[in-house]
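A.B. asks:
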Amino acid sequence: MNQRMTIVLSTGSYLPEKRIGNDDLTQFPREAIPLIAEKTGVRNRRVAAEDECTSDLAVRAARKCLEKEGIDPVQVEGIILATSSPDRMQPATATRVQHLLGAGKAFALDINSVCSGSTFGIALADGLIRSGQADRILLIAAEVYSRILNPKDYTTFPFFGDGAGAVLLAAGTRGQGGILRSRLRTDGAGSDMICVPAGGTQLPFGRMTNPRSAFFRMRGADVFSFAVEKVPEIIRQLLADAGVAISAIRCFVCHQANANIIYRIAEILDVPADRFFMNISDYGNTAGASVLIALDEALAAGIIRRGDLVVTVAFGGGLSWGANLIQI
Amino acid sequence: MDLWDKLKAVLLEEFLEIEDAAAVTEKTKLGEIPNWDSMAAVNLQILINELFQVDLPLDLLQDEATFEELIGFIHEPETIADAMRRLNGRS
Numbered sequence: 023m024n025q026r027m028t029i030v031l032s033t034g035s036y037l038p039e040k041r042i043g044n045d046d047l048t049q050f051p052r053e054a055i056p057l058i059a060e061k062t063g064v065r066n067r068r069v070a071a072e073d074e075c076t077s078d079l080a081v082r083a084a085r086k087c088l089e090k091e092g093i094d095p096v097q098v099e100g101i102i103l104a105t106s107s108p109d110r111m112q113p114a115t116a117t118r119v120q121h122l123l124g125a126g127k128a129f130a131l132d133i134n135s136v137c138s139g140s141t142f143g144i145a146l147a148d149g150l151i152r153s154g155q156a157d158r159i160l161l162i163a164a165e166v167y168s169r170i171l172n173p174k175d176y177t178t179f180p181f182f183g184d185g186a187g188a189v190l191l192a193a194g195t196r197g198q199g200g201i202l203r204s205r206l207r208t209d210g211a212g213s214d215m216i217c218v219p220a221g222g223t224q225l226p227f228g229r230m231t232n233p234r235s236a237f238f239r240m241r242g243a244d245v246f247s248f249a250v251e252k253v254p255e256i257i258r259q260l261l262a263d264a265g266v267a268i269s270a271i272r273c274f275v276c277h278q279a280n281a282n283i284i285y286r287i288a289e290i291l292d293v294p295a296d297r298f299f300m301n302i303s304d305y306g307n308t309a310g311a312s313v314l315i316a317l318d319e320a321l322a323a324g325i326i327r328r329g330d331l332v333v334t335v336a337f338g339g340g341l342s343w344g345a346n347l348i349q350i
Numbered sequence: 006m007d008l009w010d011k012l013k014a015v016l017l018e019e020f021l022e023i024e025d026a027a028a029v030t031e032k033t034k035l036g037e038i039p040n041w042d043s044m045a046a047v048n049l050q051i052l053i054n055e056l057f058q059v060d061l062p063l064d065l066l067q068d069e070a071t072f073e074e075l076i077g078f079i080h081e082p083e084t085i086a087d088a089m090r091r092l093n094g095r096s
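In the order they appear, the protein sequences are chains A and B.
Position in the first sequence counted from 1, then plus 22, gives you my numbering.
Position in the second sequence counted from 1, then plus 5, gives you my numbering.
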């Protein structure tokens, strides 16, 4: 009997039209502008229109994903939305996506693993499909960080962008490729390293004494150290679990947080940097959405083809980090 | 409120990780601020400009610089050019 697997049926992405270049960030001193690209590789970012929120970006990415393979939204049985910048505190942003998409037969839920959202979502969808809970799950990752950043905070604002990515995962059988293995990790001791301090039950807006607590913050240097330690480690563990040599991986689709982090990870793994897909220069760090956007672009560009082995890997708030080995 | 009190009040708002306000004095080095890095230096540069309308070059916001030195530049902005010349002469 063929083992039930989860295969990648289609991908899609959506980036808002409005592009902001580094030189457009006039709220920062001129001498600080070149540092943005130097420190992170970010040269441009996209920003959602005034009337667009996270669910709107998610729906656009989802439609592109479904239309590519001619799938009717009513055929989708589940929607998982990875986001750390939801439309509202509740209900789940995925519910509005389900409605706007016309996917009336799909259950819909949000997950918040911050920048690791795509990799955690792939593993979760894989589990649901393999266990027979659903045959077709649409995983979407969407973020509108421009609404949760302090525009005057140089340590965060220049480095992020808005965007959404989607992947349609479906039941298949061994021999068709698919999600071969995933590894997920969390270290809650680092939950203050990347966070939005206020707005939840720990610090409601009404009890906030400093308005800056309403905005996203991160300890950049600590995040850099965390990423370059944990990402190579989890990739090695993932490939060892699967019995796959690192040389067999066609492309590493890594969270686009910082080009220098990716170069360092490639160096530690002794893998040529050009096997790591990068689009951070154009979009900045799109948080949980970056891996699915990158996966869609790498497929569209022909960098990844059917049958190729790919590693998706991400790290971020939580602290969380995760990786998936996928045969496309 | 003198210059230091004014700067410190805003520092405590800006740098949320400063948990022990009493530990930050005029003698504190910038590198001793929790999570201080080159990005945080830009935030401090903006903050000083907004508070005091003084343009402090990033080169003067080094890890070893103290708030006392910064207050000196804010008090006498004409000394900034000299400090930059000394810095460039050293490098």
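For glycine and all other residues, C-beta sits at the position ideal for the given N, C-alpha and C.
Quick caveat: nothing in here was measured; it's all calculated off a predicted structure.
On the DSSP bridge assignment, give the partners of Asp351 (chain A) in chain order.
C.D. replies: Chain A is shown from 23 up to 350; residue 351 (chain A) falls before or after that span and cannot be answered.
A.B. asks: Pull up the distance between the alpha-carbon of Asn134 (chain A) and that of Cys276 (chain A), whole angstroms please.
C.D. replies: For Asn134 (chain A) and Cys276 (chain A), the distance between alpha carbons rounds to 18 Å.
A.B. asks: Applying a beta-carbon distance threshold of less than 7 Å, which residues of chain B neighbour Asn44 (chain A)?
C.D. replies: Residues of chain B passing the Cβ test: none, with the nearest at roughly 13 Å.
A.B. asks: Does the beta-carbon distance from Glu18 (chain B) to Glu73 (chain B) come in below 8 Å?
C.D. replies: The answer is no: Cβ separation not under 8 Å.
A.B. asks: Could you check whether the Cβ of Leu75 (chain B) sits closer than 7 Å to any heavy atom belonging to the ligand HEM?
C.D. replies: In the structure on display, the ligand HEM does not appear, and there are no ligands present to speak of.
A.B. asks: Round the Cβ separation of Ile257 (chain A) and Leu206 (chain A) to the nearest angstrom and send it over; I've been treating them as touching at under 8 Å.
C.D. replies: About 13 Å; that fails the 8 Å criterion.
A.B. asks: Just to confirm my understanding: we take Ala45 (chain B), look at its own chain, exclude 5 residues before and 5 after, and list those with CB closer than 6 Å. What are they?
C.D. replies: The answer is none, since no qualifying residue turns up.
A.B. asks: Relative to the C-alpha of Ile201 (chain A), which candidate in A:Asp318, A:Leu146, A:Val253 has its C-alpha closest?
C.D. replies: The residue with the shortest Cα to Cα distance from Ile201 (chain A) is A:Leu146.
A.B. asks: Step through the CB atoms of chain B and report whether any lies within less than 8 Å of the CB of Tyr176 (chain A).
C.D. replies: Chain B, which has a Cβ nearer than 8 Å to the Cβ of Tyr176 (chain A), makes this yes.
A.B. asks: Return yes when the Cβ of Gly339 (chain A) is within less than 8 Å of the Cβ of Val136 (chain A), no when it is not.
C.D. replies: Yes.
A.B. asks: Give me whichever residues DSSP pairs with Asn66 (chain A) in a beta bridge.
C.D. replies: Answer is A:Gly43, bridged to Asn66 (chain A).
A.B. asks: Give a yes or no on whether the minimum CB-CB distance between Phe50 (chain A) and chain B is below 8 Å.
C.D. replies: Chain B, which has a Cβ nearer than 8 Å to the Cβ of Phe50 (chain A), makes this yes.
A.B. asks: Cβ closer than 8 Å: which chain B residues qualify as neighbours of Ala243 (chain A)?
C.D. replies: Residues of chain B passing the Cβ test: Asn40, Asp42.
A.B. asks: Along chain A, in chain order, which residues have C-beta atoms closer than 9 Å to that of Ala45 (chain B)?
C.D. replies: The answer, in chain order, is Tyr176, Thr177, Gly242.
A.B. asks: CB Gly143 (chain A) to CB Ile102 (chain A), shorter than 8 Å?
C.D. replies: Yes, the pair counts as a contact, with Cβ atoms nearer than the cut-off.
A.B. asks: Note the first and the last residue of the continuous beta strand (DSSP E) segment covering Glu165 (chain A).
C.D. replies: 158-165 is the span of the beta strand (DSSP E), which, as asked, contains Glu165 (chain A).
A.B. asks: Does Gln50 (chain B) get closer than 8 Å to chain A when you measure Cβ to Cβ?
C.D. replies: Yes, Gln50 (chain B) lies at the interface with chain A (some Cβ there is under 8 Å from its Cβ).
A.B. asks: Look at the alpha carbon of Ser342 (chain A) and the alpha carbon of Ala336 (chain A), and state the distance between them as a whole number of angstroms.
C.D. replies: So the two alpha carbons sit approximately 8 Å from each other.
A.B. asks: To the nearest angstrom, how far is the alpha carbon of Val332 (chain A) from that of Phe182 (chain A)?
C.D. replies: Approximately 25 Å between the Cα atoms of the pair.
A.B. asks: Consider the Cβ of Ala220 (chain A): report whether some Cβ of chain B lies at a distance smaller than 8 Å.
C.D. replies: Chain B, which has no Cβ nearer than 8 Å to the Cβ of Ala220 (chain A), makes this no.
A.B. asks: Distance, Cα to Cα, Ser96 (chain B) vs Ser269 (chain A)?
C.D. replies: Since pLDDT at Ser96 (chain B) reaches only 48, below the 50 mark, its modelled position is unreliable, and the value read off the structure follows with that caveat. Ser96 (chain B) and Ser269 (chain A): Cα-Cα distance of roughly 45 Å.
A.B. asks: Check whether the segment 62-78 of chain A touches the segment 189-204 of chain A, taking contact to mean three or more Cβ pairs, one atom from each stretch, closer than 8 Å.
C.D. replies: With the cut-off at 8 Å, the segment 62-78 of chain A and the segment 189-204 of chain A do not touch.
A.B. asks: Can you list, in chain order, the residues of its chain whose CB lies under 6 Å from that of Ala186 (chain A), leaving out five sequence neighbours each side?
C.D. replies: Excluding sequence neighbours, Ala186 (chain A) sits near Tyr36, Leu79, Ala80, Ala83, Ala164, Ala311.
A.B. asks: Compare the C-alpha of Leu314 (chain A) against each of A:Glu289, A:Met215, A:Gly124, A:Asn346 and name the closest.
C.D. replies: Comparing Cα-Cα distances from Leu314 (chain A) to each of A:Glu289, A:Met215, A:Gly124, A:Asn346, the minimum goes to A:Asn346.
A.B. asks: Based on the DSSP output, what are the partners of Asn346 (chain A) in its beta bridges?
C.D. replies: For Asn346 (chain A), which the question treats as bridged, DSSP gives the partners A:Ser204, A:Thr334.
A.B. asks: Reducing DSSP to helix, strand and coil, say where Ala28 (chain A) ends up.
C.D. replies: Before going on, a small fix: residue 28 (chain A) reads as Thr here, not Ala. Here Thr28 (chain A) sits in strand by DSSP.
A.B. asks: Give the straight-line distance between the Cα atoms of Asn48 (chain B) and Val250 (chain A), rounded to the nearest whole angstrom.
C.D. replies: Answer to the nearest angstrom: the Cα atoms are 25 Å apart.
A.B. asks: If you run the structure through DSSP and keep just helix, strand and coil, what is Arg297 (chain A)?
C.D. replies: Helix, per DSSP.
A.B. asks: Answer yes if the segment 66-73 of chain A comes into contact with the segment 293-306 of chain A, meaning at least three C-beta pairs across the two stretches below 8 Å, and no otherwise.
C.D. replies: Contact between the segment 293-306 of chain A and the segment 66-73 of chain A is present, because at least three Cβ pairs lie under 8 Å.
A.B. asks: Around the C-beta of Ser140 (chain A), are 16 or more other C-beta atoms found within 10 angstroms, so that it is buried, or is it exposed?
C.D. replies: Looking at its Cβ environment, which holds 16 or more other Cβ atoms inside 10 Å, Ser140 (chain A) is buried.
A.B. asks: Taking 8 Å as the CB-CB limit, is Leu73 (chain B) close to chain A?
C.D. replies: Correcting the residue type first, residue 73 (chain B) is Glu in the shown sequence and not Leu. No, Glu73 (chain B) lies away from the interface with chain A (no Cβ there is under 8 Å from its Cβ).
A.B. asks: So if I threshold CB-CB distances at 8 Å, which residues from the segment 202-233 of chain A count as touching chain B?
C.D. replies: Here the close residues are Pro219, Asn232.
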